[in-house]
Structure formats: structure tokens, C-alpha cells
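For the sequence shown, the working numbering gives the first residue as 228, with consecutive numbering after it. Just so it is clear, CB atoms sit at the ideal spot from N, CA and C, and this is done for glycine as well. The structure displayed is predicted, hence computed values, not measured ones.
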Amino acid sequence: MSSPTELAAWQVLTAHQQEMASVSMTSLFEDDAQRAEKYCAHAAGWTLDYAKNRANDKTLSLLTELAKEAGLESAIKGMFSGAHINNTEDRSVLHIALRASQAQETLMVDGVNVLAEVRATLKQMEQFVAQLHSGEWKGYSGKTITDVVSIGIGGSYLGPKVVAEALTPYKKDGIKVHFVANIDGSDITGKLKQLNPETTVFVISSKTFGTLETLSNANAARDWFLSNGGSQDNVSKHFAAVSSNVKKAVDFGMAEENIFPMWDWVGGRYSLWSAIGLPVAIAVGMDNFYALLDGAHQMDEHFRTAPFEENLPVIMGALGVWYINFHNAQTHALIPYDHYLRAMPAHIQQLDMESNGKANLLNGDGVATDTGPIIWGGAGTNGQHAYHQLLHQGTRLVPVDFIAPLTSHNPIGEHHVHLIANCLSQSQALMVGKTLEQAKQELRDAGASEDQVEAVAPHKVIQGNRPSNTLFTDKMTPATVGALIALYEHRTFVQGTIWGINSFDQWGVELGKVLGTDIYNRLVSDSDNSTLDASTQALIKAFKKLRLNRLAFYTALTKTPASAGVFVFIPSPSLQGLGRGSESEAFMQVAPSGRHRRLYMTPS
Ligand code: F6P
């Protein structure tokens with residue numbers, strides 16, 4: 228498709244933005260007594276209140292028209308029929324199939340009934356989860372499994388982690404699920420410290436089984452297992468994999484029956500519904516995992532069939548385009564008023580920014596508009612005491628989605644009523660703001676002198692007219708959590724379709740991966756770096772110098788005869804009054820007599 232800026236609706240929206248520039252949201256409510264009711268839509272257990280937007284009926288109908296002109300109707304049909312809408316990788320995009328297998332018999336894609344494959348994998352997951360929960364699955368020493376560690380990164384990590392956390396009230400007793408992602412050794416080291424190799428199972432989640440972080444952590448987990456009582460023959464009792472690369476997983480030591488398939492028609496960030504969601508299923512049980520899939524499927528059906536005017540992903544996606552492209556909004560905030568959903572903004576950030584952080588149209592031409600915004604956010608009310616100041620008085624326009632369950636899983640005292648009151652008051656404050664006159668009156672009422680009133684009142688003005696959506700549901704359940712995430716997936720697709728970009732590839736992450744390998748090789752060898760840019764050369768040099776110093780230090784240490792006593796590790800020696808400067812570590816050599824002999828400081 229060509230640039231959306233060439234669409235008729237885009238041109239009209241550009242002019243319409245000027246008409247709306249001086250219209251306040253409060254005046255829109257004054258002009259239309261039905262607005263609050265009218266600008267509400269419902270799907271899959273969720274209500275979207277989108278009345279607090281800088282939009283009237285004309286805006287909404289133009290945005291709907293824009294979506295239609297951009298080909299959204301046929302794009303949706305394409306997705307649900309398995310067309311290769313991921314054009315740069317020539318693939319179908321079928322996360323919707325992962326949640327349709329209970330409701331639908333067949334979905335033929337490239338001659339294969341993908342739903343049969345999905346069902347078979349769900350059965351395989353059922354067995355695995357049942358064996359773990361019943362205690363039938365034993366570790367190498369015959370003990371019952373108590374801990375499962377999921378090792379993955381990106382889409383093979385964040386979605387399952389966020390959903391497992393969101394469903395905390397549904398967790399089954401018996402098995403604790405942990406997540407490891409970062410190649411920073413501190414991540415896995417911290418986790419392993421809490422675990423017993425006899426009672427731990429690792430699930431290695433990697434579509435490609437070739438991702439540096441995941442393989443490094445998987446190798447570290449296997450080394451830990453082997454050096455703490457496990458043997459190579461027993462690796463298969465403690466390691467399972469979710470991957471489309473069966474061979475690599477078998478080479479690692481997994482038994483084939485413990486390798487769960489992935490398909491190339493599921494993108495990483497859309498994969499939590501596949502066997503990548505195995506840690507979720509282990510944490511909350513298969514019954515709840517099915518309910519999660521069902522909730523997402525309900526949202527899929529709504530997205531597929533509801534008229535655009537009532538369609539939650541379309542309304543939210545189109546309003547997002549309105550702010551990004553016609554009001555120059557650079558970011559979009561997600562603020563869940565639910566403690567268990569606190570990590571959801573990170574998942575939607577990955578979902579949206581990896582999907583729509585693109586600068587090329589489907590045909591390869593450069594885009595002429597802004598595309599995906601920076602997605603950010605965090606749990607309310609915590610954010611109110613941090614970044615909400617910028618939302619209310621900062622110079623940038625930040626559209627916000629407030630998300631809240633009306634019922635709490637933990638109803639103590641008046642906590643939940645306060646939580647909801649805060650959620651509602653934030654969207655209210657963003658819209659109504661505070662005028663200079665109101666600020667002055669407030670100060671006078673508080674007894675301020677006229678000088679104080681003049682000096683302080685301008686600082687208390689809150690511009691208002693800042694847009695937000697409020698999404699609410701009765702309770703966070705597996706079904707409503709599934710529907711919520713599916714809603715954001717489709718919102719992302721709606722926006723990508725309007726912009727005419729491919730939301731399902733991720734070529735941008737490739738360069739960093741390739742350069743990362745190249746720099747690693749340079750850090751561990753005596754390569755000639757003179758062809759690199761000066762900045763990278765300098766950083767490599769600094770790192771190597773430090774590393775060599777440390778290597779020399781530790782080599783000297785190991786050459787000291789064991790008869791010389793023991794070495795005691797001293798973290799932060801300068802804090803303990805040892806040495807000078809900013810050395811980070813030291814060893815104290817203690818003689819067999821127990822007397823301190825020598826202090827070794829790591830060189831800085
Ligand atoms: O970071 C890029 C990416 O390809 C993501 O899209 C993907 O979810 C992640 O890496 C992990 O990939 P894999 O599942 O193949 O290990």
C-alpha cells in the first residue's frame with residue numbers, strides 16, 4: 228500500500244484537527260448529554276470508556292473511514308484466513324489460531340490444519356503439567372519436582388512472565404515457577420541460589436534455539452545441574468524445551484517427548500498462547516490456561532466481527548493514530564490500577580514497539596508519517612507519586628490508558644475503593660485541569676496573601692484537556708487477562724495497518740545481534756580494531772585493559788600455594804576501612820594460624 232497520508236480521510240482529518248484545536252473535552256460533554264454513554268464499547272468482559280478524548284462524532288467517523296481506506300477490513304480477513312500478511316518473511320500470522328482450537332475444528336493454512344497441531348500441543352502440555360502437579364514426574368534422585376525455571380528472552384519470556392504474575396491469585400500450590408532472561412550472570416545466579424537440582428526442572432523457551440542469552444543461560448543451568456549431583460544421562464529428567472528447532476534441543480540433552488513445538492506463523496511477542504505459555508500453565512494449571520485462551524478468543528471474535536464503530540481494538544488503534552499523527556504525541560502510557568498487572572506495560576511495550584517501530588511501508592518505501600509511539604507506564608497509584616506530574620503539567624501530550632478491575636482479589640478495608648477512586652480521579656484531573664482563577668481562589672481560601680496568590684497561582688494551573696481511555700472489567704480472571712492482552716495485540720495490528728507497515732517482522736534487532744557477536748570476538752582476542760569507529764575502539768580498549776588487569780590479579784592469586792592458608796573474599800573493602808580508593812573487591816589471605824597475612828586488592 229502507499230502512504231496513508233495520501234488517503235482521502237487523512238487529508239480531511241488534517242483539516243479537522245484544526246477545527247478541534249480549540250475545542251475542549253469538557254465542552255464536548257456539555258454539548259452532548261449522552262456522550263458518556265455513547266462513547267463506551269464492550270467486549271469479552273471489558274468496557275472501554277473513550278469519552279475523554281479530543282474527538283467528536285465527526286472525528287470518530289473520519290478515523291473509521293481512515294481505517295477502512297487503509298484496508299483494515301481485508302487485513303483482518305487476511306490474518307484470520309492465514310494469508311501471508313507478514314510479507315517480508317512470507318508467513319501467516321496466526322496467534323489467533325492458538326486460541327481458536329477449542330471453538331473451531333479446522334483452519335487450513337498452506338494445506339495444513341493448524342488447529343489440529345495446536346490441539347495436539349495443548350494435549351502434550353496437559354500431560355506435562357499433570358505429571359508435574361501430581362508428583363509423578365520425579366527428578367534424578369526420585370524426589371518430586373518443586374521448582375520450574377523458564378529460560379527465554381523477548382517474546383519467549385516477557386508475555387508468560389507478565390501473565391503468570393497477573394494470575395497470581397490462580398496459582399496452584401506445589402510448584403514454584405521462576406523466570407530467567409538476562410545474559411547478565413546476576414539473573415541466573417540469583418535464581419539458582421534458591422534451587423535444588425534434584426527438584427528443579429528447566430524449560431528452555433526459544434523458537435530458534437539459537438538466541439545468545441537463552442543458550443548462555445541454558446548452558447549455565449546445565450553446568451550447575453551437572454556440577455551439583457546431576458549427570459548427563461539425567462539431563463532429560465530436568466530439562467524440557469519449547470522450540471521449532473528440535474534437533475538443537477535434542478543435541479542439548481532433551482528427550483523428544485519433552486520438546487514442545489513452535490511454528491513459524493507465531494511471532495515471538497505473540498507467542499505466549501503457544502507452548503511458550505507452558506510456565507503459565509504450570510503456574511496456574513491447564514484449566515486456567517484454557518480460560519486464558521478462551522478470553523483471548525472472545526476478543527478475537529469481537530475484533531473479527533464487530534463493526535468498526537463498536538470495535539475496541541479499532542477504536543483504540545484509531546484514536547492512537549489521531550494523537551500520534553495529528554497531535555504529535557510521541558508516547559502512550561498504560562497505567563493499570565491492579566498490582567498483579569504491574570508488569571503489563573512492559574509486555575505491551577515489547578509487543579507494540581517491536582511490532583510498529585518501523586520506518587518502511589509494506590512495499591519498502593520509506594514512511595511519510597510517524598509510526599509506533601514509545602509505550603511506557605506502570606502501576607497506579609505508585610506512578611501518581613512519580614511521573615504523573617509530567618502527565619498533568621508537562622509540555623508533552625501523553626494519551627493514557629487506565630486499566631482497572633472493579634473487584635479486588637484481596638478486599639481489605641477500603642483499599643480497593645481508594646484504588647478505583649484514584650484511577651478515576653486521574654483521568655478526571657487530566658481532563659478538567661485547573662484554571663488560573665481556580666488556583667487563585669484556592670490560595671485565597673487557604674488564607675494566602677495577595678502577593679503569595681500572584682506568585683504561586685501560575686504554578687498550580689493544570690492545563691487539562693488531556694485525553695485518556697478507561698478500560699474496566701469486573702475482575703482480573705484468566706479470561707479477562709487473556710482478552711485484555713489480545714485487545715492490545717489487535718490494537719497494534721490496527722495501527723500498523725493504517726500506517727501501511729508490517730507489524731510482524733523485527734529486522735531492526737538483527738544488526739545489534741550481529742555486532743554483539745563481532746564485539747564479543749574482539750573483546751576476547753587480540754583483533755585489529757582500527758577499522759571500527761573511534762568511540763567503539765576506545766570502549767573496547769578500556770574494557771580489555773580492565774579485564775587484563777583483573778585476569779593478572781586472579782592468576783597471581785591462584786599461584787599462591789594452598790599451604791599459605793585460605794582466602795577470604797571481602798566485598799566493598801574500602802567500606803570496611805581496607806585499602807584506598809574505589810576498588811570493588813579484595814581477598815584477605817589468612818594463614819593456617821588464623822592470622823591475617825596479606826590483603827589482595829583488585830586493580831582499578
Ligand atoms: O529480540 C528479537 C527476538 O527475535 C524476539 O522477537 C523473540 O521473541 C526473541 O528474540 C527470542 O527469540 P527466540 O524465541 O528464538 O529465542
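Does the Cβ-Cβ distance between residue i and residue j come in under 8 Å?
i      : j      : result
Arg496 : Gly382 : yes
Asp276 : Thr697 : yes
Arg318 : Trp492 : yes
Ile509 : Ile431 : no
Asn538 : Thr719 : no
Pro632 : Tyr397 : no
Phe436 : Ala468 : yes
Glu528 : Thr291 : no
Tyr367 : Asn461 : yes
Thr700 : Gly309 : no
Asp565 : Ile647 : no
Ile410 : Glu440 : yes
Thr286 : His243 : yes
Thr596 : Asn555 : no
Met526 : Ala330 : no
Ser652 : Lys279 : no
Met352 : Leu520 : no
Val541 : Ala713 : no
Determine the extent of the beta strand (DSSP E) in which residue i is found, giving its start and end residues.
i      : result
Trp603 : Ile601 to Gly604
Thr558 : Thr558 to Pro563
Val430 : Thr427 to Ser432
Phe629 : Val627 to Pro632
Based on the DSSP secondary-structure assignment, which residues constitute the bridge partners of residue i?
i      : result
Ile486 : Ala468
Asn587 : Gly593
Met335 : Asn340
Arg774 : DSSP lists no partner for Arg774.
Cys405 : A quick correction: the sequence has His, not Cys, at residue 405. Per DSSP, Val376.
Trp273 : Ala270 and Thr700
Lys667 : DSSP, once it has assigned bridges, lists no residue as partnering Lys667.
Thr371 : Lys365
Asn313 : Arg318
Ser695 : Val627
For the alpha helix (DSSP H) that contains residue i, what are its first and last residues?
i      : result
Asn748 : Gly735 to Leu750
Ile323 : His322 to Leu325
Val680 : Glu677 to Lys687
Ala330 : Note, Ala330: premise wrong, no alpha helix (DSSP H); not H, not E.
Gln653 : His642 to Val659
Glu233 : It is not in any alpha helix (DSSP H) - Glu233 carries neither H nor E in the DSSP assignment.
Thr758 : No alpha helix (DSSP H) contains Thr758, which DSSP labels as neither H nor E.
Asn552 : Leu539 to Phe553
Met526 : Met513 to Thr532
Leu290 : Asp284 to Glu296
Ser254 : Met252 to Asp258
Ile916 : Look at the range of the chain in this structure, 228 to 831, and you will see that residue 916 is not part of it.
Lys279 : Here Lys279 belongs to no alpha helix (DSSP H), and DSSP marks it neither H nor E.
Gly723 : Pro705 to Trp726
Ala393 : Leu385 to Ala393
Val493 : Unbroken run through Val493: none, as it is neither H nor E.
Looking only at its own chain, which residues have a Cβ that is under 6 Å from the Cβ of residue i, when we skip the five neighbours before and after it?
i      : result
Lys585 : Thr598 and Ile728
Arg449 : none
Lys667 : Val680 and Ala684
Gln358 : Trp364
Ala518 : Pro705 and Ala706
Ser229 : none
Asp296 : It is Glu, not Asp, that sits at residue 296 in the sequence shown. Closer than 6 Å at Cβ, skipping near neighbours: Leu234 and Ala236.
Output yes if chain C places a C-beta closer than 8 Å to the C-beta of residue i; else output no.
i      : result
Lys702 : Among the chains of the structure shown, chain C does not appear; only one protein chain is present.
Ignore the nearest five residues each way along the sequence and tell me which others in residue i's own chain have a CB closer than 8 Å to its CB.
i      : result
Thr348 : Phe487, Pro488, Ser501 and Ala502
Gly610 : Ile562 and Gly604
Ala573 : Leu385 and Val389
Gly593 : Ala586 and Asn587
Tell me whether residue i counts as near the ligand MN, meaning its Cβ is closer than 7 Å to at least one heavy atom of that ligand.
i      : result
Val736 : In the structure shown, the ligand MN is absent; the only ligands present are the ligand F6P.
Between residue i and the rest of its own chain, which residues show a CB-CB distance below 7 Å, the 5 nearest in sequence each way excluded?
i      : result
His619 : Ala656, Leu657 and Ile689
Gln665 : none
Gln238 : none
Leu773 : none
Met247 : Arg281 and Thr286
Discussion item. Would you call the region 685-694 in contact with the region 618-627, where contact means no fewer than 3 C-beta pairs closer than 8 Å?
Written reply: yes
Fill in: Given 8 Å, three or more beta-carbon pairs between the region 661-672 and the region 626-641
no
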